[in-house]
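Engineer: If you're matching them up, the sequences are chains Z and E in order.
Numbering of the first sequence is given in our numbering, commencing with residue 66 and proceeding in unit increments.
Numbering of the second sequence is given in our numbering, commencing with residue 43 and proceeding in unit increments.
The beta carbon of each residue, even a glycine, is placed where N, CA and C say it ideally should be.
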Amino acid sequence: MSIGPKETTEAIALYTRSLDCVHCGLCLPTCPTYRETGRESSSPRGRIYLARGVAEGKLALSDAVAEEMYLCLGCRACETACPSGVRFGSLLEQMRAEVERVGLRRGPAKRIESFLLRHVVPHPRRLRAAISVVRAIQAVRLDALALRLAPAGLRERIALAPRVPHARDRAPLPRLVRAHGERRGRVGFFVGCIMPELFGDVNHATVRVLARNGFDVVVAEGQGCCGALHAHAGDRETAKRLAARNVAAFAAAGVDVVISNAAGCGAALREVGEWLPATGDVLARRVRDVSEFLDAEGLRPPPTPFPRRVCYDDPCHLLHGQQVEAAPRRLLRQIPGLVLVAHDDAAACCGAAGIYNLTHPEMSRAVLARKMRSLASADPDVIATGNPGCMMQLRAGVVEHGLRAEVLHPVTLMDRAYGGGRSVGEPPYL
Amino acid sequence: MTTPARARLLDALRAAVGADALLCRAEELFVYECDGLTHHAARPFAVVLPRTSDEVVEIVRACAKAGVPFVPRGAGTGLSGGAVALADGVVIECARMNRVLEIDPVDRVAVVQPGVVNADLSKVAAPHGLHFAPDPSSQLACTIGGNVAENSGGPHTLKYGSTTAHVLALELVLADGDRVRIGSRAGGEPGYDLVGAVVGGEGTLGVVTEATLRLTPLPEAVETLLGIFPDVVSACHAVGAVIRSGLVPAALEIVDRRTIEAVEASVYAAGLPLDAGAVLIAELDGPAVALPRQVERVRALCARAGATRIEVARDADERQRFWKARKGAFGAMGRLAPDLYVHDAVVPRSKLPEVLAEICAIGDRHGLRLSNVFHAGDGNLHPNISFDRRDADEMARVLAAGTEILELCVRAGGVISGEHGIGTEKQDFMPLLFSPDDLGAMRRLRDAFDPDHRSNPGKIFPTTRACVESNPKARGYERVSFDA
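1. Using a Cβ-Cβ cutoff of 8 Å, what residues of the region 381 to 405 of chain E are near chain Z? List them in chain order.
2. So for E:L65, helix, strand or coil by DSSP?
3. In the DSSP assignment, find the beta strand (DSSP E) that holds E:P425 and state where it starts and stops.
4. Report, in whole angstroms, the separation of the C-beta atoms of Z:M457 and Z:A417, which I expect to be a contact under 8 Å.
5. What does Z:L84 touch in chain E if you count any residue whose Cβ is under 7 Å from its own?
6. Taking E:G118 as the query, report the chain Z residues whose CB atoms sit under 7 Å from its CB, ordered along the chain.
7. Interface residues of chain E around Z:C140 at Cβ under 7 Å?
8. Which bits of chain Z does E:G78 rub up against, with CB to CB less than 9 Å?
9. Listing by chain order, which chain Z residues have their CB less than 7 Å from the CB of E:L548?
10. For chain Z, is any of its Cβ atoms less than 7 Å away from the one on E:G370?
11. Less than 6 Å between C-beta atoms, sequence neighbours within five positions excluded: which residues of the same chain meet that for Z:A131?
12. Could you tell me whether the Cβ atoms of Z:L124 and Z:T98 are closer together than 7 Å?
13. Alpha carbon to alpha carbon, how far is E:D525 from Z:D446?
14. Taking one C-beta from the region 417 to 428 of chain Z and one from the region 293 to 300 of chain Z each time, how about it: are there three or more such pairs within less than 8 Å?
15. Distance cutoff 7 Å, beta carbons only. Does E:T44 sit that close to anything in chain Z?
16. Less than 7 Å between CB atoms is the rule here; does E:L39 satisfy it with respect to chain Z?
17. Using a C-beta cutoff of 7 Å, does E:G60 count as contacting chain Z?
18. Are the Cβ atoms of E:V389 and E:G419 separated by less than 7 Å?
19. Among E:L172, E:V305, E:P499, which one has its Cα closest to the Cα of E:D149?
20. Just to check my reading of the structure: E:V133 and E:V89 have Cβ atoms closer than 8 Å, yes? What is that Cβ distance to the nearest angstrom?
21. For the region 122 to 151 of chain Z, enumerate the residues whose C-beta is nearer than 7 Å to any C-beta of chain E, in chain order.
22. The beta strand (DSSP E) spanning Z:F254 covers which residue range?
23. How would you label Z:G484, buried or exposed, when you count the other beta carbons within 10 angstroms and need 16 or more for buried?
24. Measure the alpha-carbon distance for E:K527 versus Z:A226 and round it to whole angstroms.
25. Could you tell me which chain E residues have their CB closer than 8 Å to the CB of Z:Y114, listed as they occur along the chain?
26. Any C-beta of chain Z within less than 7 Å: which residues of the region 114 to 148 of chain E qualify?
27. Could you give the DSSP three-state label for E:A318: helix, strand or coil?
28. E:S180: which of E:L412, E:R356, E:R286, E:G370 sits nearest, CA to CA?
29. Mind checking whether E:I427 and E:V440 have CB atoms under 7 Å apart?
30. Tell whether a beta-carbon distance below 7 Å holds between E:T254 and E:A211.
31. CB-CB under 8 Å to Z:L241, same chain, minus the five flanking residues each way: which ones, in chain order?
32. If we define contact as Cβ-Cβ less than 7 Å, is E:E295 a contact residue for chain Z?
33. Could you please give me the residues that DSSP links to E:H417 through a beta bridge?
34. Assuming the contact rule is C-beta atoms closer than 8 Å, Z:G402 and Z:P366 should be a hit. Round their C-beta distance to whole Å, please.
35. When the Cβ atoms of the region 217 to 229 of chain E are set against those of the region 163 to 171 of chain E, are three or more pairs found closer than 8 Å?
36. For the candidate residues E:T94, E:P114, E:E97, E:V151, whose alpha-carbon lies nearest to that of E:P86?
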């Protein structure tokens with residue numbers, strides 16, 4: 066893909082982006098895969114150098130280059146450390162798109178991944194049906210059998226699968242939920258694709274907490290998957306198509322703010338302006354993480370004490386992807402009786418990274434182990450984190466490393482402190 | 043090397059460290075072709091990542107047997123090409139040798155492996171009220187092994203001294219695979235100062251596999267002032283005045299306008315004033331009772347030297363932000379151009395104002411974007427030139443300006459490197475400072491450690507024709523090509 070006059074603008078943008086790196090190395094200590102391996106090629110600086118080498122035609126876009134691009138967790142901690150402002154996340158996505166374009170990723174795992182990402186995840190009904198099948202399997206304990214019979218590599222992956230909640234916890238949200246008490250405004254809510262199926266309770270809690278805080282919540286029709294998983298996997302075209310659907314849905318809903326409660330989705334929605342230069346910017350500028358929004362607007366003090374030791378753990382795509390660090394901590398401190406305990410490794414990736422824990426289980430577990438050691442020494446009652454992938458990963462980590470902590474979304478803690486989360490089947494929308 | 047010989051060496055290296063710690067694919071080697079100095083590049087034959095000193099011995103023995111040179115490397119943040127393997131050499135990457143083996147608060151020492159990150163050591167020592175004083179700007183990433191090799195400095199060198207003042211003893215693997223220990227935990231070993239020779243030896247005397255370091259108590263109190271000056275030269279006058287007054291500040295750093303603009307546009311923005319021609323960061327530390335008077339004196343001296351405004355860091359958080367901004371300056375310059383040439387030279391403090399004025403003139407004459415961010419208290423200059431290595435004409439002007447700057451500093455009674463080392467970057471400037479006899483004496487010292495020149499060859503000593511002729515052993519190591 067050596068850069069010549071006939072190259073695509075994306076390839077040229079990729080090349081230009083690689084030039085922003087002056088090779089200072091301040092990203093190295095923040096990179097989970099560099100921390101584990103000590104290899105330059107598995108560091109952000111090394112990956113940028115590889116990208117530049119490919120763009121300049123000094124290096125072929127080979128399997129080895131592709132491997133490094135996919136070994137990256139995409140946590141973007143390097144962006145937070147980079148004085149030169151390299152947009153590593155975008156550079157990585159473009160490199161992965163190049164890898165896909167030249168067809169370097171093959172094999173059954175890749176085919177299953179592509180099928181799921183293209184034909185299941187973006188379609189709510191198909192996704193719901195698929196998840197229902199998993200629930201049926203879990204209901205008759207077939208998963209436990211699979212866990213016993215499967216070879217070791219597969220077993221670890223099956224163990225990561227979350228329990229699918231009961232159908233009542235997967236009930237769809239109403240189109241509009243009215244504000245409670247004095248009305249402070251009107252917001253759109255981004256539902257997501259996996260969230261309503263596996264973390265429906267978090268979605269319901271989010272809407273309740275927003276309503277409790279005086280906001281009308283509009284669940285815009287026609288919205289769907291944000292496309293983050295597709296973009297991360299190098300499928301920019303599907304990502305753009307999904308983004309366009311969301312742009313249209315929220316434009317029609319007529320809201321000035323769009324709330325996301327999943328860090329990965331929020332970070333992707335904020336990049337829609339880059340994916341769709343002509344139309345995406347309006348949506349991108351309106352997106353707020355629920356914690357960031359409530360912190361900025363001022364939280365109505367929750368009445369119910371919630372006396373727990375809580376470790377907050379930063380989702381990478383909230384901390385590095387959206388630069389939201391203090392807001393969720395400030396909100397949690399306002400819950401009466403809650404004690405927020407710092408832990409050393411809060412800012413590091415947990416190793417979930419979308420579907421990374423399935424594609425790279427070994428590295429994922431190594432990265433997770435470091436974090437679990439840090440959490441174990443803080444010994445919390447609750448680990449709070451605001452992203453579905455991280456919640457699943459940390460729940461698996463808690464079991465594997467024998468911690469006693471419960472893993473919850475911060476908004477669930479707030480919801481409980483408002484006393485509102487008892488019945489999800491018929492949500493008390495006030 | 044013949045193909046079977048290559049295969050034999052790879053087998054021996056694999057046996058030494060395991061397949062997981064041997065890198066030999068083209069793509070893996072490509073990223074090791076340079077360190078922080080991007081325009082000097084050479085690809086290694088292989089990279090190994092040992093975890094123990096025993097493994098280093100095995101690696102070095104394998105290299106000796108094959109007659110292949112080797113280069114120790116840490117985080118590759120060096121700025122003089124020191125960690126680049128010339129002549130198809132093997133890179134010994136020490137990133138996995140990152141254990142702090144011991145902290146002793148009574149002896150005030152740390153015993154560490156060479157891959158420990160500088161800032162991590164201070165973090166581990168902090169609960170004991172101690173820290174490792176050398177604090178190069180790359181300290182969040184750079185390793186102790188690299189600090190020892192380059193005799194790294196940092197802003198606080200002014201009061202605490204550079205790395206050489208903080209190394210008590212070393213374990214060193216010599217080029218024939220022998221492991222030796224030099225220096226003493228008690229400090230001040232009698233006889234020749236071998237530790238002093240190895241610190242700043244740029245990896246040419248062997249591979250450091252363990253370092254016993256001096257730890258320094260954290261000061262009771264710290265105050266950080268920002269003197270805002272209309273230009274760099276008046277800030278330099280303030281530095282002279284502070285030193286003359288007898289004060290011993292912990293750091294006296296100058297950052298010019300172009301650097302401030304780049305840093306303030308970055309994630310390390312700290313609220314440095316954008317209207318300043320230059321900012322003098324003056325840090326004072328010591329007993330709390332002594333500081334207020336010192337702060338007042340520095341304030342008065344800055345005002346007299348022409349400061350338009352003086353600010354004091356409100357708290358530890360703000361101070362840390364100032365330092366992060368100062369230390370992120372190199373990386374932030376990537377906002378101006380794809381490449382940055384970080385120069386490094388020292389002049390006597392008294393000469394700072396005139397030398398700085400002339401350096402700016404040199405940059406202008408060559409039509410280059412030159413900025414200054416430097417350890418003013420030490421007279422340690424870092425004129426930084428932003429450029430694009432793909433532009434051959436600009437590259438030539440960058441190198442020409444660099445030569446003029448070094449000549450200027452030597453004329454002013456200075457030296458050609460303060461803390462970055464000579465490496466491949468400045469080897470041909472060594473004759474500016476040293477006669478053939480001087481260089482001969484250095485070479486004999488090197489021969490005593492490494493008679494076959496297998497440990498990081500092609501560094502420090504000039505490669506010009508005359509020198510090669512007077513030193514047959516340097517033959518075969520070609521000048522590193524500029525990757526223009």
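Structural biologist: So, from the data block:
1. D381, L382
2. strand
3. 425 to 429
4. 6 Å
5. P380
6. G90, E105
7. Within chain E, no residue comes near Z:C140; the closest Cβ sits about 16 Å away, beyond 7 Å.
8. V87, H88, C89, G90
9. Residue 548 of chain E lies beyond the range of chain E shown here (43 to 526); nothing can be said about it.
10. yes
11. V164, L169
12. no
13. Residue placement at E:D525 cannot be trusted, given a pLDDT of 37 that sits under 50; what the coordinates show is reported in the next sentence. Roughly 56 Å separates the two Cα atoms.
14. yes
15. no
16. In the structure displayed, chain E extends from 43 to 526; residue 39 of chain E sits before or after that span and is not available.
17. no
18. no
19. E:L172
20. 4 Å
21. L124, S127, A129, V130, T145, C147, P148, S149, G150
22. 250 to 254
23. exposed
24. Because residue 527 of chain E is not part of the residues shown, which for chain E are 43 to 526, the question remains open.
25. F72, V73
26. A117, G118, T119, E135, A137, R138
27. coil
28. E:G370
29. yes
30. yes
31. D281, V282, V283, V284
32. no
33. E:N422
34. Between Z:P366 and Z:G402 the Cβ distance is about 12 Å, and since that is not below 8 Å, they are no contact.
35. no
36. E:P114
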